[in-house]
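**Q**
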Amino acid sequence: MSAEKIFIEKKSGADFAHRMEFLKALDFVREEDYFMVEVINRLGWDYEKILKIVSQLKKRKVVLLATSAPLQSETLDDLLLDCFVKDLILQLFAMITEKE
1 MSAEKIFIEK KSGADFAHRM EFLKALDFVR EEDYFMVEVI NRLGWDYEKI LKIVSQLKKR
61 KVVLLATSAP LQSETLDDLL LDCFVKDLIL QLFAMITEKE
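This is the structure we're talking about:
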């Protein structure tokens, strides 16, 4: 897998209005693209915001990969179980992120 474009955010914070590279990256991805982050908290620090971004990516058929969570990039044979496990892991990471 190779990257067509790499976005590097130099600002941090929960306010997306100030995270221009992140917003550009979200705007750039297309159907069947991969949106790769190192950790889930790069999507935000608020549980609801993280799930909202993930939902937007899913609706656009963009695959989210977190390099610190290799299970997210593995695929189980049972697609329903695969979806359930990935959603559960994502929600756990989002909850932990908000609690930090």
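Residues in the sequence shown are numbered from 1 upward in steps of one, following full-length UniProt numbering. By construction, the Cβ of each residue, glycine as well, lies at the ideal position given by its N, Cα and C atoms. All figures in this text were calculated on a predicted structure; none of them were measured in a lab.
Closest to K99 by CA distance: which of W45, V63 and F84 is it?
**A** W45
**Q** Mapping DSSP to helix, strand and coil, what is A94?
**A** helix
**Q** How would you call T67, buried or exposed, if buried means at least 16 neighbouring beta carbons within 10 angstroms?
**A** Exposed: under 16 other Cβ atoms inside 10 Å.
**Q** Pull up the DSSP beta-bridge partners for M20, would you.
**A** DSSP lists no partner for M20.
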